[in-house]
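Numbering (the working numbering), first residue to last: 326 to 578.
Built from N, CA and C at the ideal position, the CB exists for glycine as well.
The model shown is predicted, which means the values in this text are computed figures rather than measured ones.
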């Protein structure tokens, strides 16, 4: 049969998280764990110190004052909107980086964040920093490892929760991947995708249990591990999962 003729058996290209619909699913999954809600777009104004040693946690994926990504968001916002209500806090955000301190921030900062949250420029700053620091590097590495949409999401979620590199008391994405590679090969090296993803999730469970600020592994065991077991390697809907005891679902249209 000639190529391109009707009825030909053409190879379908797998759809990854670069597809807007798949990225939307990924964000809803992350939001269920970060904010106990599927409505991730309602989280731009979120701000709280959750007691994890990283200071204030804010926004759509939990940017933190202690890790410096919150500073990056406010710098982006200030570049787009000079003289905004958060700009005066830039010196304090630089000073508290690497700690859980609220020095120079406190109620004035949390109030200013809440007021600024409706500004499209702050939302765009959050989106851009999410993509630069977390989404794009996670998806690119997953693609190099031969992983589909589920694996790309699993990498992205690991970036969000653990960061790219190790920090004091926390194991980062690069170490998690190295541990997974020590026990299983990714598809790009001829390995089985499910086996590799389970190895990566095993490394995450171990890391979570070792962190003083994290002990609950339901983000893995009753969510991502379920998708792997069900073979939803392309994040095919419907999806059913639980995080921290709460049940969620994304139904097929």
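Measure the CB-CB distance between residue 413 and residue 471 and report whether it falls below 7 Å. no
Measuring only the C-alpha atoms, how far is residue 570 from residue 543? 8 Å
Please give me, in chain order, every unbroken run of the alpha helix (DSSP H) with length at least 4 that falls completely inside the region 402-457. 415-421, 431-441 and 445-455
For residue 503, is the classification buried or exposed, using 16 other Cβ atoms within 10 angstroms of its Cβ as the cut-off for buried? exposed
Using 10 angstroms around the beta-carbon of residue 350, count the other beta-carbons present and answer buried if the total reaches 16, otherwise exposed. buried
Mapping the DSSP letters down to three states, classify residue 558 as helix, strand or coil. coil
Just reading off the beta strand (DSSP E) that residue 573 is part of, what are its end residues? 571-575
Considering only C-alpha positions, which residue in the set 528, 532 and 385 is nearest to residue 373? 385
For residue 368, which residues in the same chain have their Cβ closer than 8 Å to its Cβ, ignoring the five residues on either side in sequence? 356, 359, 360, 362, 384 and 385
Residue 347, buried or exposed, once every other Cβ within 10 Å from all chains shown has been counted against 16: buried
Can you name the start and end residues of the alpha helix (DSSP H) that residue 475 belongs to? 474-487
Does DSSP put residue 379 in a helix, a strand or coil? coil
For residue 566, list the residues DSSP reports as bridge partners. 573
Less than 7 Å separating the beta-carbons of residue 580 and residue 500? As shown, the chain starts at 326 and ends at 578. That puts residue 580 outside it, with no answer to give.
Pick helix, strand or coil for residue 271, following the three-state DSSP scheme. Nothing about residue 271 can be read from this structure; the chain reaches only from 326 to 578.
Would you tell me roughly how many angstroms separate the C-alpha atoms of residue 421 and residue 448, rounded to the nearest one? 23 Å
According to DSSP, is residue 508 helix, strand or coil? coil
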